[in-house]
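Engineer:
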Amino acid sequence: MRLKITHRTDYRYDAPVQYLLQRLRLLPVSGHTQTVQSWALKIDGAREEVRFTDHFGNDTRLLSVEGEPHAIAIEASGEVVTRDT
């Protein structure tokens with residue numbers, strides 16, 4: 494089965510954010526039950542500091558916010574093909 498996925502998270506703050514760190518795990522992993530055909534991550538209002546694979550094999554990104562944003566938007570989207578087990 495071919496799945497088209499979009500996940501969006503919006504953070505809105507009453508006061509400006511002076512400093513924030515956030516860890517993201519929003520990339521699916523290909524394996525024997527699914528294949529990731531395409532995937533994109535769009536981040537507005539934050540900066541990607543580092544990207545690494547954690548000890549479980551997850552694509553992990555660390556975001557930071559400095560300054561005075563009142564909102565952060567994160568959108569993950571892509572296409573995954575699943576297979577029967």
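Just add 493 to wherever you are in the sequence shown, counting from 1, and you've got our numbering. Just so you know, even glycine gets a beta-carbon here, dropped at the ideal spot from N, CA and C. Fair warning: this is a prediction, and the values are worked out from it, not measured in the lab.
#1: Identify, in the order they occur along the chain, each residue of the same chain with its Cβ nearer than 8 Å to the Cβ of T546, setting aside the five sequence neighbours on each side.
#2: Please report the straight-line C-alpha distance between T578 and T502, rounded to a whole angstrom.
#3: By Cβ distance, which residues of its chain are closer than 7 Å to Q559, with the 5 residues on each side in sequence left out?
#4: Determine the direct distance from the alpha carbon of R544 to that of T567, and round the result to whole angstroms.
#5: If you drop the 5 nearest sequence neighbours on each side, which residues of the same chain put their C-beta closer than 6 Å to that of T528?
#6: In terms of residue numbering, what span does the beta strand (DSSP E) encompassing K558 cover?
#7: Determine the closest residue to Q530 out of R518, L556, I498 and A508, with distance taken between C-alpha atoms.
Structural biologist: Concretely, from the data shown:
#1: D552 and T553
#2: 31 Å
#3: Position check: residue 559 holds Glu in this sequence, whereas Gln was assumed. Contacts found: Y512.
#4: For clarity, residue 567 is Ile in the given sequence; the question names Thr instead. Those two C-alpha atoms are separated by around 15 Å.
#5: V574
#6: It should be pointed out that residue 558 corresponds to Val in this sequence rather than to Lys. Here the beta strand (DSSP E) through V558 covers D552 to E559.
#7: I498
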